[in-house]
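Its first residue numbered 0, the sequence shown is counted upward by one per residue in numbering that gives the first Met the number 0.
Glycine included, every Cβ here is placed at the ideal spot set by N, Cα and C.
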Amino acid sequence: MNYNGVPIDGVLEEALRCGAAFAELFFEETTFTNIRVESHKVDRAVTGTDRGVGLRLLSDGIEYYASTTDLTDSGVAALLKTLCAYLGHGGSNGRVVLPGPSRAATPVAKHPFGIGITRKADILLASQSEAYKIGDQIVQVQGGYIDSSRRIAVFSSSGTSVEDEQVRTTMTFNVILEKNGRLRTGYESIGGSVGMELFNNDGHLTAVRTAVNRAIKMSNSIPIEGGAMTVVLSSEAGGTMIHEAVGHGLEADHIYRDLSVYTGRLNEQVASPLISVVDDPTMPGMRGSFSYDDEGTPAARNTVIENGVLRNYLFDLKHAGDSGMRPTGNGRRESFRYPPIPRMTNTLILSGRDDPSSIISEVDAGLLVLKMGGGEVNTVTGDFVFEITEGHLIEHGRIGPPVEGAIMLGNGPAILKEIDRVGNDMGYGIGTCGKDTQGVPVADGQPTIRIPRIVVGGKK
Numbered sequence: 000m001n002y003n004g005v006p007i008d009g010v011l012e013e014a015l016r017c018g019a020a021f022a023e024l025f026f027e028e029t030t031f032t033n034i035r036v037e038s039h040k041v042d043r044a045v046t047g048t049d050r051g052v053g054l055r056l057l058s059d060g061i062e063y064y065a066s067t068t069d070l071t072d073s074g075v076a077a078l079l080k081t082l083c084a085y086l087g088h089g090g091s092n093g094r095v096v097l098p099g100p101s102r103a104a105t106p107v108a109k110h111p112f113g114i115g116i117t118r119k120a121d122i123l124l125a126s127q128s129e130a131y132k133i134g135d136q137i138v139q140v141q142g143g144y145i146d147s148s149r150r151i152a153v154f155s156s157s158g159t160s161v162e163d164e165q166v167r168t169t170m171t172f173n174v175i176l177e178k179n180g181r182l183r184t185g186y187e188s189i190g191g192s193v194g195m196e197l198f199n200n201d202g203h204l205t206a207v208r209t210a211v212n213r214a215i216k217m218s219n220s221i222p223i224e225g226g227a228m229t230v231v232l233s234s235e236a237g238g239t240m241i242h243e244a245v246g247h248g249l250e251a252d253h254i255y256r257d258l259s260v261y262t263g264r265l266n267e268q269v270a271s272p273l274i275s276v277v278d279d280p281t282m283p284g285m286r287g288s289f290s291y292d293d294e295g296t297p298a299a300r301n302t303v304i305e306n307g308v309l310r311n312y313l314f315d316l317k318h319a320g321d322s323g324m325r326p327t328g329n330g331r332r333e334s335f336r337y338p339p340i341p342r343m344t345n346t347l348i349l350s351g352r353d354d355p356s357s358i359i360s361e362v363d364a365g366l367l368v369l370k371m372g373g374g375e376v377n378t379v380t381g382d383f384v385f386e387i388t389e390g391h392l393i394e395h396g397r398i399g400p401p402v403e404g405a406i407m408l409g410n411g412p413a414i415l416k417e418i419d420r421v422g423n424d425m426g427y428g429i430g431t432c433g434k435d436t437q438g439v440p441v442a443d444g445q446p447t448i449r450i451p452r453i454v455v456g457g458k459k
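Here it is in structure tokens:
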């Protein structure tokens, strides 16, 4: 079979002859638009296309990888020659006969390619103008727009032959407000595996208003006295905690290298029976969704924690084979320049049965978190620290004033076991997850949950 003029079967067969136990070709072509506005004008407007191919060989448990932007037969042959030089011994004469690729594509109502860059910039500028209308103390509004159409094709000696087009559109807003000589910020983002329908029903205006209102609220914030307290994580906060404090520890490379607190704990109770966690790239419209991962494994919903019991990890092909497990469709890479590694997709705590308002009303004194900031986790111990960008005191069951400078510190497995209320709502967050110098699009989500006791750091 030929793809882009490259004899795929022949390349893979030659890789096996030079000593590879497994060979894979990954083709990628990504066309994108990137616009940024600031101070009522377009600061950046870029369109472009990035394309290339990566070749991966596995031999004796070692992974060899090389990539090039030369998509010709000779360009791929040069990759093969480079990698085979590292193997240094003969292999099998096995035949590779691949079928035509199975094809999939993100279902979008309005493909971004159908809209000109000027129209996209106008949407962003209109959103920026809306922010200045709301608050007369707004000193700066930064808006960003990114869309992409990523076409991948994966072929391997084990019979994989797939193509997938992944369309994503995202808009972000960062609002800066000045009050009494102090600066406060508000951030909001929208997006997913969608096209220009993202802006139906003025979703961009709703997002920028949310960012402005968050900055206004935080301009009236008060210092919080640190200490152990009850914390309610609203569904509005998204799933940052589950992503950082739990999700990374379930990725199979951390498990395989014994760098996770969850290593060797399958079928153990690791969380409250109220907690179930899934990683699901099949969710329509979500930022971390796709039809095939970057190794050609079909996307599938993976239940990793079920009623508090650890049921599975997040596997790519290599670590699944090394562990005697099945791949879960979590082999992802930033681009053709990188080999795939185990990564999250859309990771969320499933909804429970409690009314969110009753969860708050039952707290006499504590903290309500409406927006999480950045965080860090030690996957070996499960210890984490998160910035809280919008939090409010809870006073006698009611939402009180916003607080400034709050952080949350804890241990992922310990916190999961202590959660005693899980709401019947659900909220999502989006982002780009960084790991091993690679960034991939993800989403996370959770219902409103209550942690009876966790350490909160403050300025007081």
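Check	Outcome
8 Å Cβ cutoff met for S38 and Q139	yes
Element boundaries [alpha helix (DSSP H), containing I215]	202-217
Nearest-angstrom Cβ-Cβ length linking K119 and I34, presumed shorter than 8 Å	6 Å
Contact set for H395: own chain, Cβ-Cβ below 7 Å, skip 5 residues either direction	D363
Proximity test, K178 beta-carbon vs the ligand FAD heavy atom, cut-off 7 Å	Of the ligands one can find in the structure shown there are none, so the ligand FAD has no counterpart to examine.
E235, buried or exposed, once every other Cβ within 10 Å from all chains shown has been counted against 16	buried
contact_flag[the stretch 128-147, the stretch 225-232] where n(CB pairs < 8 Å) is 3 or more	no
Rounded straight-line distance, which links the Cα of F21 to that of S91	11 Å
Coil, strand or helix - G74 by DSSP	helix
Inter-stretch contact at 8 Å, needing at least 3 Cβ pairs: the stretch 353-361 / the stretch 289-309	no
Sequence-distant residues of its chain with Cβ nearer than 6 Å to D382 (five each side left out)	N410
Straight-line Cα distance separating E375 from L408	10 Å
Proximity winner among G53, G93, N219, relative to E12 (alpha-carbon distances)	G93
Three-way DSSP call (helix, strand, coil) for K434 in this model	strand
Span of the alpha helix (DSSP H) around R16	7-16
Residues near R264 in its chain [Cβ-Cβ closer than 8 Å; skip 5 each side]	L309
Nearest-angstrom beta carbon gap, T302 and V460 [assumed within contact, 8 Å]	Because the chain is modelled from 0 through 459, residue 460 falls outside the range shown and cannot be assessed.
Beta-carbon spacing of A152, F26 below 8 Å	yes
Closest by C-alpha distance to L97, when choosing among G444, R50, S156, V45	S156
DSSP beta-bridge partners of G365	T229, I393
Nearest-angstrom Cα separation, counted from P400 out to A227	19 Å
Unbroken beta strand (DSSP E) run spanning Y255, endpoints	Element bounds for Y255: not the beta strand (DSSP E) but the alpha helix (DSSP H), 251-255.
Where the alpha helix (DSSP H) containing Y131 begins and where it ends	116-133
Distance CB(I393)-CB(L367) smaller than 8 Å	yes
The stretch 206-219 in contact with the stretch 173-188 per 3-pair CB rule at 8 Å	yes
Cα-Cα separation, H253 to P412	16 Å
Inter-residue Cα distance where the pair is T171 and G307	35 Å
For V95, the three-state DSSP class (helix, strand or coil)	coil
Own chain partners of E196 with C-beta closer than 6 Å, once the 5 adjacent residues on each side are dropped	A108, K109
C-beta contact flag for Q165 and R332 at 8 Å	no
Residues that Q141 bridges to, as DSSP identifies them	E37, N173
Opposing strand residues paired with P472 [DSSP bridges]	The structure shown does not extend to residue 472, since the chain spans only 0 to 459, so no value can be given for it.
Straight-line gap, S259 to G47 (C-alpha atoms, nearest Å)	39 Å
Spatial distance of A125 from N199 (CA atoms)	14 Å
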